[in-house]
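Asker: Okay, here's the structure, questions in a sec.
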Ligand SMILES: Nc1ncnc2c1ncn2[C@@H]1O[C@H](COP(=O)(O)OP(=O)(O)OP(=O)(O)O)[C@@H](O)[C@H]1O
Ligand SMILES: [Mg+2]
């Protein structure tokens, strides 16, 4: 498979805090890479450095032949960002706007300023939004306000918005952390579908090891800003999990039980 | 047995000291102004007499003039509110840290707004009268200036309250700054903007009477004229009319606000 993203020696320091310390990895098209690690390990920071929502301190981020870390012009950065979809723990929708409008926001990066400012979307974009929403079983609520949806529905809108971007890469920061197990399962299946059916490279930050095991093609373990594991799920041993989380496995089972329901 | 304090001793002591300071300040102020609440209430019959004999029954001496005055006052308030709303919106987008094209502008606009707001509309009226003479244009202008000061500030706060989350989402999509303003910030802040506009309308209906009284035209000036001519019955009629207008406007804006925020 062709490599979509290649990160080399990524570092991010906040003063004396080393949030990310020398992390390198690659992601191929259609691959689901799950990043696990304890709270504060640097998962979100890695993700946000990739699309430069956070400025990396050092390192290179090769995406579709460009080094994201070296882009200077705002315009070039925006052009790159539109090929990178992002999905958030708190969904990050505009609550007062309709589902349809929120999904169409995914096209804003591609439109000229006048159309974007006026919210004049092309008919084919609207048709595409309808198709995606139908695929997600949301066609009956396109004119509903995003604020009125359930958590699982909101996240589906979030995914639909990202899909509208035509992304080569999808960054998911704890996409299921605010969801119940059954919604979590729907969302994780949808992310997996996007990778497999559309060949999108997906990076997913997760807290639940068992979900990572179920959905990941590859797992990356981060501990205190450093990569301590990078391999297929089968190679993730109990000892390794304990190293990543710096805690005995018994203390990590609260999340595991939730995950058992997820597999059922 | 050891006593358990519900409120920490230190907090108790501070409250006591604060109360003491207030009492001392009150005493000094009373002595200074020779303000004697007791003798005021003793002389109440004077007041009642004035109220019952001089003010009542109220009179509407010259309905056409009065109606014209009321219309002028209301128009002054509406014009000042709407005009300052447009003006403040533009400045608020330039002055909010979330939307400002360059940061130094934020401080300048905030300073301008606090200058406009912290000088009361009456003072602005005096200043403007010195420059332009008496008239309702001066009244509207004075209201415009203070309303701008207060709306700029409120609008900036409304904009800054828009969740960082939806902004982050649109930034990650690659949307331009202007598109983010029209697609996220305006829809999210619109109810806030409207609610502040309605509030400024309420405030301006009240202060346009006052501003009018000191020379800004409208019903306030008419009322002042009656008072100066000792035509208290007519003055009272106008005062009651103003009160009625203020109450009606309040009811109306409250109703609209509920609609907007729903
Ligand atoms: N803006 C900031 N300023 C200073 N330090 C920060 C900032 N953002 C993050 N950090 C620090 O960087 C480290 C990594 O944070 P990050 O949010 O990437 O962790 P995470 O792995 O996503 O954690 P969680 O699982 O709780 O979301 C933490 O120690 C955090 O305190
Ligand atoms: Mg995080």
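Residue numbers (my numbering), protein chains in the order written: chain A, 1 to 264; chain B, 1001 to 1262.
All residues carry an ideal CB built from backbone N, CA and C; glycine is no exception.
Counting beta carbon pairs with one atom in the region 114-124 of chain A and one in the region 1164-1181 of chain B, are three or more of them shorter than 8 Å?
Answerer: yes
Asker: How about residue 61(A) and residue 49(A): do their beta carbons lie closer than 8 Å?
Answerer: Yes, Cβ-Cβ distance for residue 61(A) and residue 49(A) is below 8 Å.
Asker: Got a list of residues with beta-carbon closer than 7 Å to any non-hydrogen atom of ligand 2, in chain order?
Answerer: With 7 Å as the limit, the residues whose C-beta approaches a heavy atom of ligand 2 more closely than that are 43(A), 44(A), 173(A), 174(A), 205(A), in chain order.
Asker: State the Cα-Cα distance for the pair residue 1217(B) and residue 178(A), rounded to the nearest angstrom.
Answerer: 59 Å
Asker: Got a sec: is the Cβ-Cβ distance from residue 119(A) to anything in chain B below 8 Å?
Answerer: yes
Asker: On the three-state DSSP scale, how would you describe residue 223(A)?
Answerer: strand
Asker: Return yes when at least one heavy atom of ligand 1 lies under 7 Å from the C-beta of residue 90(A), else no.
Answerer: no
Asker: Just how far apart, CA to CA, sit residue 258(A) and residue 241(A)?
Answerer: Because residue 258(A) sits at a pLDDT of 47, beneath the cut-off of 50, its placement in the model cannot be relied upon, and the point is left open.
Asker: What are the residues of the region 38-49 of chain A that lie near chain B, defined by any Cβ-Cβ distance shorter than 7 Å?
Answerer: none
Asker: May I ask you to check if the CB of residue 14(A) is nearer than 7 Å to at least one heavy atom of ligand 1?
Answerer: Yes, the Cβ of residue 14(A) comes within 7 Å of a heavy atom of ligand 1.
Asker: Is residue 1184(B) close to chain A, meaning its C-beta is less than 8 Å from at least one C-beta of that chain?
Answerer: yes
Asker: Counting only beta-carbon separations shorter than 8 Å, does residue 138(A) have a partner in chain B?
Answerer: no
Asker: Under 8 Å, Cβ to Cβ, is there at least one residue of chain B near residue 65(A)?
Answerer: At a cut-off of 8 Å between beta-carbon atoms, residue 65(A) makes no contact with chain B.
Asker: Distance, Cα to Cα, residue 234(A) vs residue 213(A)?
Answerer: 8 Å
Asker: On the criterion of 16 or more Cβ atoms from any shown chain inside 10 Å, does residue 1026(B) qualify as buried, or is it exposed?
Answerer: exposed
Asker: So does residue 1033(B) have its beta carbon nearer than 7 Å to some heavy atom of ligand 1?
Answerer: no
Asker: Helix, strand or coil: how does DSSP classify residue 1001(B) here?
Answerer: coil
Asker: Return the bridge partner residues of residue 171(A) from the DSSP annotation.
Answerer: 86(A), 203(A)
Asker: Looking at chain A, is there any beta carbon in it that lies within less than 8 Å of the beta carbon of residue 1165(B)?
Answerer: yes
Asker: Three or more beta-carbon pairs under 8 Å between the region 1235-1242 of chain B and the region 1113-1133 of chain B, yes or no?
Answerer: no
Asker: I'd like to know if residue 1173(B) contacts chain A, where contact means its C-beta is closer than 8 Å to some C-beta of that chain.
Answerer: yes
Asker: How would you call residue 1014(B), buried or exposed, if buried means at least 16 neighbouring beta carbons within 10 angstroms?
Answerer: By the neighbour-count rule (16 or more Cβ atoms within 10 Å), residue 1014(B) is not buried but exposed.
Asker: In angstroms with no decimal places, state the Cα-to-Cα distance between residue 989(B) and residue 1245(B).
Answerer: Since the first and last residues shown for chain B are 1001 and 1262, residue 989(B) lies out of range.
Asker: Using only alpha-carbon positions, find the residue among 1061(B), 1254(B), 1167(B) that is nearest to residue 1194(B).
Answerer: 1254(B)
Asker: If I'm right that residue 167(A) touches residue 87(A) with Cβ under 8 Å, what's the distance once you round it to whole angstroms?
Answerer: Going by Cβ atoms, the distance from residue 167(A) to residue 87(A) rounds to 10 Å, so no, they are not a contact pair.
Asker: Closer than 8 Å, CB to CB, is residue 1168(B) near chain A or not?
Answerer: yes
Asker: Going by DSSP, which residues form a beta bridge with residue 6(A)?
Answerer: 26(A), 62(A)
Asker: Would a C-beta distance cut-off of 8 Å place residue 1147(B) and residue 1200(B) closer than the cut-off?
Answerer: yes
Asker: Among 1041(B), 1039(B), 1209(B), 1169(B), which has the Cα closest to the Cα of residue 109(A)?
Answerer: 1169(B)
Asker: If we call anything under 8 Å between Cβ atoms a contact, is residue 232(A) one with residue 244(A)?
Answerer: No. Outside cutoff.
Asker: Hey, does residue 1178(B) have any beta-carbon neighbour from chain A nearer than 8 Å?
Answerer: yes
Asker: Strictly under 8 Å for the Cβ-Cβ distance: is residue 1063(B) near chain A by that measure?
Answerer: Judged by the 8 Å Cβ criterion, residue 1063(B) is not in contact with chain A.
Asker: Look up residue 1114(B) in the DSSP assignment and say whether it is helix, strand or coil.
Answerer: helix
Asker: Do you know whose CA, among 1057(B), 1109(B), 1062(B), lies nearest residue 1088(B)'s CA?
Answerer: 1109(B)
Asker: Whole angstroms are fine: how far does the CA of residue 1198(B) sit from the CA of residue 1122(B)?
Answerer: When rounded, the distance between both Cα atoms is 21 Å.
Asker: So does residue 59(A) have its beta carbon nearer than 7 Å to some heavy atom of ligand 1?
Answerer: no
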